[in-house]
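Number of protein chains: 2
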Amino acid sequence: MFDKVQKIINDSNLDIVVFLDPVHLLWFAGFSGSTGALLIGNSGAVLGVDFRYHEIAEDLKAKNIDVYCAPTGNLLKNTLDYFSDEKVKRVGYLSSRNSQSQKEMLEKNLNAELVAIDEQIDFIRSIKNKNEITGLTESAKLNADLFKHIREIVKPGVSERDLAAEIISYAVKNGASKMAFEPIVASGKNASRPHASFTDKILQPGEPLTLDLGVCLDGWASDMTRTWVVPGKKPTESLEKVFDIVKNAKKEAEAHLFAGVSGHDLDTSARDVISKFGYGDFFGHSLGHGIGREVHEQPRLAQNSKDVMLEGMAITIEPGIYIKDKYGVRIEDSYIIFQKKVINLGIDVFSDFF
Amino acid sequence: MFDKVQKIINDSNLDIVVFLDPVHLLWFAGFSGSTGALLIGNSGAVLGVDFRYHEIAEDLKAKNIDVYCAPTGNLLKNTLDYFSDEKVKRVGYLSSRNSQSQKEMLEKNLNAELVAIDEQIDFIRSIKNKNEITGLTESAKLNADLFKHIREIVKPGVSERDLAAEIISYAVKNGASKMAFEPIVASGKNASRPHASFTDKILQPGEPLTLDLGVCLDGWASDMTRTWVVPGKKPTESLEKVFDIVKNAKKEAEAHLFAGVSGHDLDTSARDVISKFGYGDFFGHSLGHGIGREVHEQPRLAQNSKDVMLEGMAITIEPGIYIKDKYGVRIEDSYIIFQKKVINLGIDVFSDFF
Numbered sequence: 000m001f002d003k004v005q006k007i008i009n010d011s012n013l014d015i016v017v018f019l020d021p022v023h024l025l026w027f028a029g030f031s032g033s034t035g036a037l038l039i040g041n042s043g044a045v046l047g048v049d050f051r052y053h054e055i056a057e058d059l060k061a062k063n064i065d066v067y068c069a070p071t072g073n074l075l076k077n078t079l080d081y082f083s084d085e086k087v088k089r090v091g092y093l094s095s096r097n098s099q100s101q102k103e104m105l106e107k108n109l110n111a112e113l114v115a116i117d118e119q120i121d122f123i124r125s126i127k128n129k130n131e132i133t134g135l136t137e138s139a140k141l142n143a144d145l146f147k148h149i150r151e152i153v154k155p156g157v158s159e160r161d162l163a164a165e166i167i168s169y170a171v172k173n174g175a176s177k178m179a180f181e182p183i184v185a186s187g188k189n190a191s192r193p194h195a196s197f198t199d200k201i202l203q204p205g206e207p208l209t210l211d212l213g214v215c216l217d218g219w220a221s222d223m224t225r226t227w228v229v230p231g232k233k234p235t236e237s238l239e240k241v242f243d244i245v246k247n248a249k250k251e252a253e254a255h256l257f258a259g260v261s262g263h264d265l266d267t268s269a270r271d272v273i274s275k276f277g278y279g280d281f282f283g284h285s286l287g288h289g290i291g292r293e294v295h296e297q298p299r300l301a302q303n304s305k306d307v308m309l310e311g312m313a314i315t316i317e318p319g320i321y322i323k324d325k326y327g328v329r330i331e332d333s334y335i336i337f338q339k340k341v342i343n344l345g346i347d348v349f350s351d352f353f
Numbered sequence: 000m001f002d003k004v005q006k007i008i009n010d011s012n013l014d015i016v017v018f019l020d021p022v023h024l025l026w027f028a029g030f031s032g033s034t035g036a037l038l039i040g041n042s043g044a045v046l047g048v049d050f051r052y053h054e055i056a057e058d059l060k061a062k063n064i065d066v067y068c069a070p071t072g073n074l075l076k077n078t079l080d081y082f083s084d085e086k087v088k089r090v091g092y093l094s095s096r097n098s099q100s101q102k103e104m105l106e107k108n109l110n111a112e113l114v115a116i117d118e119q120i121d122f123i124r125s126i127k128n129k130n131e132i133t134g135l136t137e138s139a140k141l142n143a144d145l146f147k148h149i150r151e152i153v154k155p156g157v158s159e160r161d162l163a164a165e166i167i168s169y170a171v172k173n174g175a176s177k178m179a180f181e182p183i184v185a186s187g188k189n190a191s192r193p194h195a196s197f198t199d200k201i202l203q204p205g206e207p208l209t210l211d212l213g214v215c216l217d218g219w220a221s222d223m224t225r226t227w228v229v230p231g232k233k234p235t236e237s238l239e240k241v242f243d244i245v246k247n248a249k250k251e252a253e254a255h256l257f258a259g260v261s262g263h264d265l266d267t268s269a270r271d272v273i274s275k276f277g278y279g280d281f282f283g284h285s286l287g288h289g290i291g292r293e294v295h296e297q298p299r300l301a302q303n304s305k306d307v308m309l310e311g312m313a314i315t316i317e318p319g320i321y322i323k324d325k326y327g328v329r330i331e332d333s334y335i336i337f338q339k340k341v342i343n344l345g346i347d348v349f350s351d352f353f
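So the sequences go chain by chain: A and B. Mapped onto numbering that gives the first Met the number 0, the consecutive letters of the first sequence carry residue numbers 0 to 353. Mapped onto numbering that gives the first Met the number 0, the consecutive letters of the second sequence carry residue numbers 0 to 353.
Here it is, written out as structure tokens:
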């Protein structure tokens with residue numbers, strides 16, 4: 000990662016880059032605390048932390064990042080004084096990750112010109128290296144195991160809340176530090192809400208159950224969605240029809256997925272299938288997104304996206320149809336894009352309806 | 000809440016206030032989605048949401064907040080156009096919650112003067128009304144039940160990870176939507192890290208186990224810490240001594256806790272006890288913090304705090320001593336401050352060492 004950040008430093012004529020947000024402390028330094036100041040220059044990097052994280056941060060020392068355990072006071076200023084004797088003039092920072100008050104604090108403490116480097120950082124984060132692909136693959140594998148485990152206990156009489164508790168418990172027991180996002184466990188008409196929370200509702204035979212789950216394993220996110228029928232009754236014909244349309248939309252997008260295709264064209268490929276059957280207005284979100292340290296990253300697969308899929312990108316494809324107060328269906332997998340092939344990270348999880 | 004925000008509007012001569020961050024959408028509107036634009040003026044309030052949250056947001060309509068389901072596009076601009084025909088000139092916003100790029104977006108779309116109102120909002124959030132106190136009390140009650148449940152299964156041979164899985168599962172099964180923060184389950188020398196994550200370490204008899212847990216119930220956070228001895232062996236004398244010092248430091252702070260005392264003086268009252276026994280350098284964090292929709296809010300109980308405890312505030316007291324690579328002890332409860340009394344929300348949870 001050093002070389003990529005140093006390229007930004009050189010291209011933008013910066014003295015140093017500053018990261019203050021947890022996502023980028025984790026991404027660059029593997030540091031999982033909530034507070035820290037990471038400074039990167041051409042000569043190296045230092046992570047400044049306070050008392051609460053001294054021991055945790057010192058474990059990182061092997062990874063070519065100097066760790067500075069700052070005294071109580073101004074963490075950024077102390078870390079900067081420790082890092083560099085020279086005056087810094089141009090400093091790269093993240094305008095979308097730092098609040099307005101943090102920006103003012105940076106200006107006051109650094110007394111330097113701040114340069115927003117969000118787009119460059121988002122882009123280099125979107126291209127995963129070998130270790131990052133391994134991390135994402137392991138996270139997706141645990142997530143797939145989670146779906147297989149949960150499938151065994153989906154039956155009438157169980158509540159959405161029971162499933163949610165078992166989901167989180169299984170994930171943590173089997174190595175996750177947490178869920179990558181709050182699990183969506185939505186049955187019956189709750190499934191018509193793309194971002195439903197779980198409720199105390201009891202599962203009924205023949206109704207749809209949407210599970211949108213991801214774990215956080217060693218700091219890597221996963222993301223997968225299945226809509227299954229609760230056993231005990233055949234689903235209605237209209238529900239089955241909607242499921243088939245969503246499944247075909249996903250297949251169509253997968254057929255277009257290769258290095259070089261645009262996020263716009265991928266979105267269109269799936270959206271056209273859904274629109275052809277008259278459900279265009281019921282697919283109100285975009286087709287997918289990048290995934291990595293965060294569950295939503297660059298690139299975006301959407302009508303207004305200008306992103307192009309490149310080798311090393313990790314993305315999701317997740318078409319859906321939502322009929323208000325009736326039901327909903329979404330199917331989602333995650334993929335790694337290589338130069339000559341694409342790998343589906345969730346291929347072995349049951350993806351039919353019932 | 001309306002009257003309090005409208006007082007800020009009038010005092011600061013604002014036309015409207017804009018909230019874009021999830022915490023304040025939850026605090027003011029009870030909306031639990033990730034994205035929305037909440038505009039509040041003297042004539043009322045509107046919450047603008049996108050397709051994903053239409054149904055969820057419409058459930059809020061009873062609560063005197065107009066819900067606007069915006070078409071795809073610029074959510075803020077569309078919501079503003081819907082809310083007001085008149086030109087807004089001065090707009091209150093949160094400089095610590097909105098990123099620099101969000102601020103630029105606000106400036107571009109509103110074409111108005113932006114006024115940071117962070118301090119005023121933080122202050123009115125720190126004074127809880129009756130409903131908010133009920134919410135915090137219920138959350139603390141579930142958290143206390145969680146501690147009692149976990150105490151039954153703490154024994155040698157169980158891993159920190161096993162406990163973490165059971166903690167989250169119990170909390171969700173019994174009504175929590177999630178943990179208020181990642182559970183700290185730190186045994187033996189891991190307990191020397193104030194913000195340790197749980198590991199695969201197996202509990203050993205006689206070693207300390209620090210549990211710092213909080214649940215999120217109906218959007219209200221709780222926060223409690225206990226350090227217990229793993230059964231099967233007496234703790235060492237030095238560990239027992241440290242426990243007694245922390246316990247006495249907490250008692251001393253509790254004796255000083257009433258409406259009118261300063262956060263600085265509370266911190267000093269506990270810190271003096273710890274320093275008197277020579278452990279001052281091993282209590283490296285501040286004494287406590289406010290709690291509400293978030294686990295860390297105003298006021299602050301710290302050496303550099305200028306906050307004063309007032310009726311309706313909800314706060315934590317959590318002294319600790321951490322001996323690097325050896326062990327650590329922290330004890331924490333949460334309290335509601337009334338005019339003539341203080342209520343400890345975790346009083347009935349076992350708080351002795353063994």
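Glycine included, every Cβ here is placed at the ideal spot set by N, Cα and C.
Could you tell me the distance, in whole angstroms, from the CA atom of TRP26(B) to the CA atom of GLY218(B)? Annotation: TRP26(B) to GLY218(B) spans about 8 Å, alpha carbon to alpha carbon.
Excluding the 5 residues flanking LYS246(A) on each side, which residues of the same chain have their C-beta closer than 7 Å to its C-beta? Hits under 7 Å: ILE330.
Below 8 Å on the Cβ atoms is my contact criterion, and I expect VAL294(B) with PHE122(B) to pass it. Report the Cβ-Cβ distance as a whole number of Å. No, VAL294(B) and PHE122(B) are not in contact; Cβ-Cβ is about 18 Å, not under 8 Å.
Cross-strand partners of TYR67(A) (DSSP beta bridge): Paired residues: GLY47(A).
Determine whether the beta carbon atoms of VAL45(A) and LEU38(A) lie at a separation below 8 Å. Taking 8 Å as the Cβ cut-off, VAL45(A) and LEU38(A) qualify as a contacting pair.
Residue-chain proximity (LYS339(B), chain A), Cβ-Cβ < 8 Å: No, LYS339(B) lies away from the interface with chain A (no Cβ there is under 8 Å from its Cβ).
Where ILE201(B) sits in the DSSP three-state scheme: Residue state, collapsed to three classes: strand.
In its own chain, which residues sit with a C-beta less than 8 Å from the C-beta of ILE15(B), not counting the 5 before and 5 after it? Once the five neighbours on either side are set aside, the close Cβ partners of ILE15(B) are ILE8, LEU38, ILE39, GLY40, PHE82, SER83, VAL87, VAL90 and GLY91.
Fully enclosed by the region 256-324 of chain A, which alpha helix (DSSP H) runs are 4 residues long or longer? Listed in chain order, the complete alpha helix (DSSP H) runs (minimum 4 residues) inside the region 256-324 of chain A are 262-275.
Taking a cut of 9 Å between CB atoms, which residues from the region 85-104 of chain B lie near chain A? Near chain A, meaning a CB-to-CB distance below 9 Å, the residues of the region 85-104 of chain B are TYR92, LEU93, SER94, SER95, ARG96, ASN97, SER98, GLN99, SER100, GLN101, LYS102 and GLU103.
Measuring only between beta-carbons, confirm whether GLY32(A) sits less than 8 Å from chain B. True, the Cβ-Cβ gap to chain B drops below 8 Å.
For PHE50(B), would you say it is in contact with chain A, using Cβ-to-Cβ distances shorter than 8 Å as the test? Yes - at least one Cβ of chain A is within 8 Å of the one on PHE50(B).
Just to confirm, is the Cβ distance from ALA115(B) to SER94(B) under 8 Å? Against a cut-off of 8 Å, the Cβ pair of SER94(B) and ALA115(B) comes out as a contact.
So with Cβ pairs under 8 Å, would you call ARG124(B) a contact of chain A? For ARG124(B), the closest Cβ of chain A is not nearer than 8 Å.
So, under 8 Å CB-CB, LEU75(B) and VAL66(B) are touching, yes? Tell me the CB distance rounded to an integer number of Å. The C-beta distance from LEU75(B) to VAL66(B) rounds to 15 Å, too long to fall under 8 Å, and the pair is not in contact.
Name the chain B residues whose beta carbon is nearer than 8 Å to that of HIS163(A)? Position check: residue 163(A) holds Ala in this sequence, whereas His was assumed. The answer, in chain order, is VAL171.
Is there a C-beta anywhere in chain E that falls below 8 Å from the one on HIS284(B)? Judged by its chain identifiers, the structure shown contains no chain E, and its protein chains are A and B.
Opposing strand residues paired with PHE180(B) [DSSP bridges]: Looking at the DSSP assignment, PHE180(B) forms no beta bridge with any residue, so it has no partner.
Beta-carbon gap between PHE146(B) and ARG225(B) smaller than 8 Å: Taking 8 Å as the Cβ cut-off, PHE146(B) and ARG225(B) qualify as a contacting pair.
If we call anything under 8 Å between Cβ atoms a contact, is ASN73(A) one with ASN130(A)? Contact flag unset, no.
If distances are taken between C-alpha atoms only, which option among HIS263(A), ASN189(A), THR315(A) and VAL272(A) comes closest to GLN302(A)? The candidate whose alpha carbon is nearest that of GLN302(A) is HIS263(A).
Compute the distance between the beta-carbons of ASN142(B) and GLN99(A), then report whether it is under 8 Å. For the 8 Å CB-CB criterion, ASN142(B) and GLN99(A) do not form a contact.
Using three-state DSSP, classify PRO21(A) as helix, strand or coil. DSSP places PRO21(A) in helix when its eight states are reduced to three.
Using a Cβ-Cβ cut-off of 7 Å (strictly less than) and excluding sequence neighbours within five positions of SER350(A), which residues of its own chain qualify? Cβ neighbours of SER350(A) beyond the five flanking positions: ARG225 and ILE330.
Closer than 8 Å is the cut-off here; do at least three beta carbon pairs connect the region 232-250 of chain B with the region 191-199 of chain B? Touching, no, given that fewer than three Cβ pairs across the two stretches are closer than 8 Å.
Rank LYS140(A), LEU79(A) and ILE201(A) by C-alpha distance to the C-alpha of GLY43(A) and give the top, closest one. GLY43(A) has its Cα closest to that of LEU79(A), out of LYS140(A), LEU79(A) and ILE201(A).
Terminal residues of the continuous beta strand (DSSP E) containing ASP217(A)? Segment: none, ASP217(A) is in no beta strand (DSSP E) and carries neither H nor E.
I need the straight-line Cα distance from GLY35(A) to PRO21(A), nearest angstrom please. Cα to Cα, GLY35(A) sits roughly 8 Å from PRO21(A).
Just the chain B side, please: which residues come within less than 7 Å of PRO193(A) by C-beta, in chain order? What PRO193(A) touches in chain B: ARG51.
Reduced DSSP category for GLY187(B) - H, G, I as helix; E, B as strand; rest coil: In this structure, DSSP gives GLY187(B) a helical state, which the three-state scheme calls helix.
Is the distance from the Cβ of LEU216(B) to the Cβ of PRO182(B) below 8 Å? Result no, Cβ atoms of LEU216(B) and PRO182(B) do not sit closer than 8 Å.
Selection from VAL214(A), VAL157(A), GLN203(A) and GLY134(A) that minimises the alpha carbon distance to ILE167(A): The candidate whose alpha carbon is nearest that of ILE167(A) is VAL214(A).
Buried or exposed, going by whether 16 or more other CB atoms sit within 10 Å of the CB of GLY187(A)? By the neighbour-count rule (16 or more Cβ atoms within 10 Å), GLY187(A) is buried.
For THR209(B): DSSP bridge partner residues: Answer is ALA185(B) and THR226(B).
Cβ of ASN142(A) within 7 Å of any heavy atom in the ligand ATP? In the structure on display, the ligand ATP does not appear, and there are no ligands present to speak of.
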